[in-house]
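Asks: Supplied in structure tokens, the structure appears directly below.
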Amino acid sequence: MTDETITSQVSERYARAATTGEQMCCPTGYNFEDLKSFIPEEVLKISYGCGTPAGLETVRPGETVLDIGSGGGIDCFEASRRVGPTGRVVGLDMTDAMLDIARRNAPLVAKNLGHKASNVEFRKGMAETMPVEDNSIDLIISNCVINLAPDKQKVFREMWRVIKPGGRFTISDIVSDQPVPNYLIHDTEKWGNCLSGALQAGDYLDGLREAGFVGIHQAKFIPWQVIDSIHFLSLTLTGYKLPETGEPNGVRFATLRGPFSRAVDELGQVYLRGVPQAVNARTAQLLSTPPFDGLCLLSEAPVSLAQSDPRLVAITPDQAPCVWEGHFALFTGPFLEVCDDDQHRYLRGMPLEICSKTLKVLATEAYRPHFAVINRAAVPVTGAEVSCNPTGSCC
Ligand SMILES: C[S@@+](CC[C@H](N)C(=O)[O-])C[C@H]1O[C@@H](n2cnc3c(N)ncnc32)[C@H](O)[C@@H]1O
250 MTDETITSQV SERYARAATT GEQMCCPTGY NFEDLKSFIP EEVLKISYGC GTPAGLETVR
310 PGETVLDIGS GGGIDCFEAS RRVGPTGRVV GLDMTDAMLD IARRNAPLVA KNLGHKASNV
370 EFRKGMAETM PVEDNSIDLI ISNCVINLAP DKQKVFREMW RVIKPGGRFT ISDIVSDQPV
430 PNYLIHDTEK WGNCLSGALQ AGDYLDGLRE AGFVGIHQAK FIPWQVIDSI HFLSLTLTGY
490 KLPETGEPNG VRFATLRGPF SRAVDELGQV YLRGVPQAVN ARTAQLLSTP PFDGLCLLSE
550 APVSLAQSDP RLVAITPDQA PCVWEGHFAL FTGPFLEVCD DDQHRYLRGM PLEICSKTLK
610 VLATEAYRPH FAVINRAAVP VTGAEVSCNP TGSCC
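So the mapping is simple: this note's numbering equals the position in the sequence shown, first residue as 1, plus 249.
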């Protein structure tokens, strides 16, 4: 299939869905009772997302928000409520039938929210060539759209172009745990269902980084479907376009608090837990973004953390035999790679097989937000106990 064929079939698919209101796609997690209080049913019934990017707390009053692949407008209207009358929302979609519904409902939503006029504008256009000015957007949201675009890297580059320096994105999308084979890629039905076009999670995260974004990390993870042992997941990711020149913020050193014993950030800086690391102004900017809150101590002078320091976080596994149950852990940032206290090295977006002991470690509050865990065992396994290695450490 050519890119043009994919795009026209996807557009036809969503034009049909807009007309029939058929049920499609993925888990979202919306509070529909709340949304019903200001968004008409016509919009809610064609919600085809796979997450709740606009519902996330990061949207602030007065901001300019762009929704890529806005569909019937559900997330634009939620963003409209959050940015308030001083903010602005642009919804972008390639399908006329979707745009018609969204535009028709914009004045009704404005009235329900008590706004004098709608602060939402719906534009026709492609995610790969957005009709949006450079450096004009505070926050990009997108809900289950980029997987449908044949050239994701073009979309990521466009996102970088239109976001203001200092701006960010929060996008929900379907990714897979392993590359999707050709026989699924060329299945148009599955492409339209947000499956065949999914990138392997690591490729998706790398693509965003190649476009220039940093601080990329998981905001939410929902398991979706398993087809021919390929796991498809909904990931909501946030990332940042750092300002070009950082205001000196007084930060000269960073000390990794844990839970990781070692970490490498997206700018290549390596950190060892408890050991102060001199950082340059760019790294200081990166570490000052929200996903690093609690992970690093930032200071003007070096700060070492002793093992007994309550600010240091280390989680060691139980001293027990391993049981392999089919679990794989996918590290989702904000570092590029990290190590735990049991010789595992996790590369962002790459599944690593883990045993029952490590599963327990990754379920702790300190680790949980940084991982998506899947189970690849198609049928229950016997789970014989094994001793991992001669030193007694795990796996
Ligand atoms: C799965 S629906 C999601 C709609 C909406 N975000 C929601 O949560 O309900 C995908 C939407 O993206 C649009 N779309 C798909 N690929 C696109 C592209 N390359 N450029 C612009 N819009 C696209 C489709 O027309 C459709 O409205």
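Every residue, glycine too, gets a C-beta built ideally from N, C-alpha and C. Note that this is a predicted model, so its numbers are computed, not measured.
I'd like the span of the alpha helix (DSSP H) that includes residue 258, first residue to last.
Replies: Sequence index remark: in the sequence shown, residue 258 carries index 9 (1-based). Residues 252 to 269.
Asks: Mind checking residue 490: buried by the 16 CB within 10 Å criterion, or exposed?
Replies: Looking up residue 490 in the sequence shown gives position 241. So residue 490 counts as buried.
Asks: Measure the Cβ-Cβ separation of residue 515 and residue 594 and say whether it is below 9 Å.
Replies: Sequence index remark: in the sequence shown, residue 515 carries index 266 (1-based). Sequence index remark: in the sequence shown, residue 594 carries index 345 (1-based). Cβ distance not < 9 Å, so residue 515 and residue 594 don't count as in contact.
Asks: Entirely within the stretch 382 to 408 and at least 3 residues each: give me those beta strand (DSSP E) ranges in chain order.
Replies: Whole beta strand (DSSP E) segments, 3+ residues: 386 to 392.
Asks: Between which two residues does the alpha helix (DSSP H) carrying residue 325 extend?
Replies: Within the sequence shown, numbered from 1, the residue matching residue 325 stands at position 76. 323 to 332 is the span of the alpha helix (DSSP H), which, as asked, contains residue 325.
Asks: Which residue's Cα is closest to the Cα of residue 585: 485, 450, 360?
Replies: Taking the sequence shown and counting its residues from 1, the one referred to as residue 585 is at position 336. Comparing Cα positions, the closest option is 450.
Asks: Are the Cβ atoms of residue 531 and residue 546 separated by less than 9 Å?
Replies: Numbered from 1 along the sequence shown, position 282 holds the residue referred to as residue 531. Numbered from 1 along the sequence shown, position 297 holds the residue referred to as residue 546. It is not a contact, given that the beta carbons lie outside the stated cut-off.
Asks: Around the C-beta of residue 327, are 16 or more other C-beta atoms found within 10 angstroms, so that it is buried, or is it exposed?
Replies: Indexing the sequence shown from 1 puts residue 327 at position 78. Answer is buried; the Cβ neighbour count reaches 16.
Asks: Report yes if the C-beta of residue 392 is less than 8 Å from at least one heavy atom of ligand 2; otherwise report no.
Replies: Inclusion of ligand 2 in the displayed structure is not the case, the ligand content consisting of ligand 1 alone.
Asks: If we call anything under 9 Å between Cβ atoms a contact, is residue 369 one with residue 339?
Replies: Here residue 369 is taken as the residue at index 120 of the sequence shown, counted from 1. Here residue 339 is taken as the residue at index 90 of the sequence shown, counted from 1. Yes, they are a contact pair.
Asks: May I ask which residues mark the beginning and end of the alpha helix (DSSP H) holding residue 607?
Replies: Numbered from its first residue, the sequence shown carries residue 607 at position 358. Unbroken alpha helix (DSSP H) run through residue 607: 605 to 611.
Asks: Taking DSSP as the reference, what is the three-state secondary structure of residue 593?
Replies: Walking along the sequence shown from the start, residue 593 turns up at place 344. Residue 593 falls in the coil class under three-state DSSP.
Asks: Helix, strand or coil for residue 639, going by three-state DSSP, please let me know.
Replies: Along the sequence shown, one-based indexing puts residue 639 at 390. Note that residue 639 scores a pLDDT of 45, beneath 50, so its modelled location is shaky and nothing firm can be said.
Asks: Is the CB-CB distance between residue 522 and residue 505 below 9 Å?
Replies: Position 273 of the sequence shown, counted from the first residue, corresponds to residue 522. Position 256 of the sequence shown, counted from the first residue, corresponds to residue 505. In contact: residue 522 and residue 505 (Cβ atoms closer than 9 Å).
Asks: Along the beta strand (DSSP E) that carries residue 415, what are the first and last residues, could you check?
Replies: As a first step, residue 415 is located in the sequence shown; it is residue number 166 there, counting from the start. Residues 412 to 425.
Asks: Where does residue 432 sit, in a helix, a strand or coil, going by DSSP?
Replies: On the sequence shown, position 183 is the one that residue 432 refers to. If DSSP states are grouped into helix, strand and coil, residue 432 belongs with the helices.
Asks: Is it buried or exposed, residue 447, if we count other Cβ atoms within 10 angstroms and call 16 or more buried?
Replies: The sequence position of residue 447 within the sequence shown is 198, counting from 1. Flag for residue 447 reads buried.
Asks: Compute the distance between the beta-carbons of residue 471 and residue 507, then report whether it is under 9 Å.
Replies: The count along the sequence shown starts at 1 and reaches residue 471 at position 222. The count along the sequence shown starts at 1 and reaches residue 507 at position 258. No, the Cβ-Cβ distance between residue 471 and residue 507 is not below 9 Å.
Asks: Quick check: the stretch 313 to 331 against the stretch 380 to 391, are there 3 or more CB pairs under 8 Å?
Replies: In short, these stretches touch, since the Cβ pair count reaches three.
Asks: Enumerate in chain order the residues of its own chain whose CB-to-CB distance from residue 567 is below 8 Å, with the five nearest sequence positions on each side excluded.
Replies: Along the sequence shown, read from residue 1 onward, the residue named residue 567 stands at position 318. Here the set comprises 606, 609.
Asks: Going by the C-beta, is residue 369 closer than 8 Å to any heavy atom of ligand 1?
Replies: Reading the sequence shown from its first residue, position 120 is the one you call residue 369. It does not: the Cβ of residue 369 is nowhere closer than 8 Å to a heavy atom of ligand 1.
Asks: What does the alpha-carbon distance come out to for the pair residue 639 and residue 590?
Replies: Here the question's residue 639 lines up with position 390 in the sequence shown. Here the question's residue 590 lines up with position 341 in the sequence shown. Residue placement at residue 639 is flagged as unreliable, the pLDDT there being 45, under the threshold of 50; the coordinate-derived value follows with that caveat. Between residue 639 and residue 590, the C-alpha separation is close to 16 Å.
Asks: What residue range does the alpha helix (DSSP H) around residue 573 cover?
Replies: Counting from 1 along the sequence shown, the entry for residue 573 is found at position 324. Note, residue 573: premise wrong, no alpha helix (DSSP H); not H, not E.
Asks: What is the DSSP secondary structure of residue 586, counted as helix, strand or coil?
Replies: Counted from its first residue, the sequence shown places residue 586 at position 337. Note: residue 586 maps to strand in three-state DSSP.
Asks: Quick one: does the C-beta of residue 448 sit closer than 8 Å to a heavy atom of ligand 1?
Replies: Reading the sequence shown from its first residue, position 199 is the one you call residue 448. No; taking the cut-off as 8 Å, the Cβ of residue 448 has no heavy atom of ligand 1 nearer than that.
Asks: Report buried or exposed for residue 617, applying the criterion of at least 16 other Cβ atoms within 10 angstroms of its Cβ.
Replies: Mapped onto the sequence shown, residue 617 falls at position 368. Exposed.
Asks: Between the Cα of residue 335 and those of 517, 570, 343, 310, spot the shortest distance and give me the residue it belongs to.
Replies: Taking the first residue of the sequence shown as 1, we reach residue 335 at position 86. Closest by alpha carbon: 310.
Asks: In the DSSP assignment, find the unbroken alpha helix (DSSP H) run with residue 476 in it and report its ends.
Replies: Within the sequence shown, residue 476 is the residue found at index 227, counting from 1. Per DSSP, residue 476 belongs to no alpha helix (DSSP H); it is in the beta strand (DSSP E), 463 to 476.
Asks: So is the beta-carbon of residue 397 under 8 Å away from any non-hydrogen atom of ligand 1?
Replies: Sequence index remark: in the sequence shown, residue 397 carries index 148 (1-based). Yes - ligand 1 has a heavy atom lying nearer than 8 Å to the Cβ of residue 397.
Asks: Can you give the Cα-Cα distance for residue 376 and residue 315, rounded to whole angstroms?
Replies: Counting from 1 along the sequence shown, the entry for residue 376 is found at position 127. Counting from 1 along the sequence shown, the entry for residue 315 is found at position 66. Using only the alpha carbons, I get a separation of about 11 Å.
Asks: Out of 627, 634, 361, 250, state which residue places its alpha-carbon closest to the alpha-carbon of residue 438.
Replies: Position 189 of the sequence shown, counted from the first residue, corresponds to residue 438. For residue 438, the nearest C-alpha among the options comes from 250.
Asks: Between the C-alpha atoms of residue 510 and residue 518, what's the straight-line distance to the nearest angstrom?
Replies: For the purposes of this step, residue 510 is identified with residue 261 of the sequence shown, where counting begins at 1. For the purposes of this step, residue 518 is identified with residue 269 of the sequence shown, where counting begins at 1. Taking the straight line joining both Cα atoms gives about 14 Å.
Asks: Looking at ligand 1, does it come within less than 8 Å of residue 304, judged from the CB to the closest heavy atom?
Replies: As a working mapping, residue 304 is identified with position 55 in the sequence shown. Result no, Cβ not under 8 Å from ligand 1.
Asks: In the DSSP assignment, the alpha helix (DSSP H) including residue 368 goes from what residue to what residue?
Replies: In the sequence shown, residue 368 corresponds to position 119, counting from 1. No alpha helix (DSSP H) contains residue 368, which DSSP labels as neither H nor E.
Asks: With a CB to CB cut of under 8 Å and the five nearest residues on each side skipped, what residues in its chain are close to residue 577?
Replies: One-based indexing of the sequence shown puts residue 577 at position 328. If we look at residue 577 and ignore the five residues flanking it on each side, its Cβ neighbours are 426, 600, 601, 602, 603, 622, 623, 624, 625.
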